[in-house]
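Student: Counting from 418, one number per residue, gives the positions in the sequence shown under the working numbering.
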Amino acid sequence: MAVIAHFSDVHIDDERSVLRTRAVVEYLEELPYDLDLVLVTGDIADHGAPAEYATARELLASRHPVLVCPGNHDDRAAFRSGLLGEAAASGPVDQVHRGDGFTVLACDSSVPGKPEGWLGDETLAWLEGELGRVPEGEPVLVAFHHPPVELHVPYVDEIRQFDAARLAELAGRHGQVAAFLAGHAHTAAATTFAGRPLLVAPGVVNTVRLPWERQGDAAHHVHLDQPPALAFHVLEADGRLTTHFRTVSTEG
């Protein structure tokens, strides 16, 4: 059994975003349990600035293994150099984490200069290759920033991951894919994609308002007063996934 903490959309920019991100990481650091992975699914920086990644690198340092993928607010070159300590490059940032009896494949769904997402040919080829390297019977979680389905939140749906049929077809050839994990929506959500669970992590910096919630005006689309939150995914050896959601206090 593996336990994976999953949060998203920290949007490091100002003191507020730093405070909320630090609260989540400190909560995880204080757990009386060694997590198998901490997964952060994108929008690490708010403007893709080097200084934002320097702050994020310090904030996300953890005693637990950490895997971070980019989102639409991130800059690939700055993400690589400032957060991963790699040479700056403009290609997709696709990463693999091989745990004890499980694998997480983090795909770069960002499209430079655009808010919506998709998985390009290079990423899909990488994903296919990595899935082929996973030992038979070992469950795999596929992660990315943009959800590949509508969540019935218009503000989010219009900038979701598009052209997802290719991903669904690829997953259909690899039965070890247990679930998909995403961020981007700034709201916890659970649905399905390609016959598997799709779990969307809540946002750290804020929470999106759902269409049926009260809004002061058309632009009033986020809750700023809701606490940051995260998901815990419990992955069993047979691929069964259980998810718990937790809010985190920002009070000292």
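Each residue gets a CB set at the ideal place from its N, CA and C atoms; glycine is no exception.
In this text, all values refer to a predicted model and were calculated from it rather than measured experimentally.
With a Cβ-Cβ cutoff of 8 angstroms, do F561 and T458 count as a contact?
Tutor: yes
Student: Check whether the Cβ atoms of V455 and V483 sit closer than 8 angstroms, and answer yes or no.
Tutor: yes
Student: Let me confirm a value: L448 is counted as buried when at least 16 other C-beta atoms fall within 10 Å, else exposed. Which label applies?
Tutor: Exposed is the call here.
Student: In whole angstroms, what separates the C-alpha of E586 from that of L627?
Tutor: 30 angstroms
Student: Would DSSP call A542 helix, strand or coil?
Tutor: When DSSP states are grouped into helix, strand and coil, A542 belongs to the helix group.
Student: Distance, Cα to Cα, E575 vs P552?
Tutor: 37 angstroms
Student: Could you tell me the alpha carbon to alpha carbon distance between M418 and V594, rounded to whole angstroms?
Tutor: 16 angstroms
Student: In its own chain, which residues sit with a C-beta less than 6 angstroms from the C-beta of Q643, not counting the 5 before and 5 after it?
Tutor: T624
Student: Do we get a CB-CB distance below 8 angstroms when we pair V483 with the residues of chain D?
Tutor: In summary, chain D is missing from the structure at hand, where a single protein chain is found.
Student: Rounded to the nearest angstrom, what separates L440 and T472 at their Cα positions?
Tutor: Residue 440 is actually Ala in this sequence, not Leu. Their backbone Cα atoms lie some 14 angstroms apart in a straight line.
Student: For the stretch 441-492, list the alpha helix (DSSP H) runs that are entirely contained and at least 4 residues long, ordered along the chain.
Tutor: 467-476
Student: At the level of alpha carbons, what is the spacing between S604 and Y450?
Tutor: Strictly speaking, residue 604 in this sequence is Thr, with Ser absent from that position. One Cα belongs to T604, the other to Y450, and the distance between them is close to 26 angstroms.
Student: Do V573 and A602 have their C-beta atoms closer together than 8 angstroms?
Tutor: yes
Student: Using 8 angstroms for Cβ pairs, my map puts G600 next to V617. What's the rounded Cβ distance?
Tutor: 7 angstroms
Student: Can you give the Cα-Cα distance for W535 and F579, rounded to whole angstroms?
Tutor: A straight-line Cα-Cα distance of about 5 angstroms links W535 and F579.
Student: Hey, would you say the C-beta of G656 is under 7 angstroms away from at least one heavy atom of the ligand ADP?
Tutor: In the structure shown, the ligand ADP is absent, as is every other ligand, since no ligand is present at all.
Student: Report the three-state DSSP secondary structure of G549 (helix, strand or coil).
Tutor: helix
Student: Can you tell me whether V566 is helix, strand or coil according to DSSP?
Tutor: coil
Student: S434 bridges to which residues according to DSSP?
Tutor: None; S434 has no bridge partner.
Student: On a CA-only basis, which of V521, F519, Y470, D525 is nearest S498? Give me that one, please.
Tutor: For the residues V521, F519, Y470, D525, the minimum Cα distance to S498 belongs to Y470.
Student: Tell me which residues share the same chain as D491 and place their Cβ nearer than 7 angstroms to its Cβ, disregarding the 5 neighbours each side in the sequence.
Tutor: Within the same chain, D491 has close Cβ partners G459, D460, I461, A462, G465, S527.
Student: For a quick check, are the C-beta atoms of H423 and A648 less than 8 angstroms apart?
Tutor: yes
Student: Rounded to whole angstroms, what's the CA-CA distance from G546 to A494? Just pull it up for me.
Tutor: 24 angstroms
Student: For G589, report the span of its alpha helix (DSSP H) as first-last.
Tutor: Start and end: 582-589.
Student: Please confirm whether L445 and L558 have their CB atoms less than 8 angstroms apart.
Tutor: no
Student: Quick one: what does DSSP say A646 is sitting in, helix, strand or coil?
Tutor: DSSP places A646 in strand when its eight states are reduced to three.
Student: On the DSSP letters alone, give me the boundaries of the alpha helix (DSSP H) that P571 sits inside.
Tutor: 571-574
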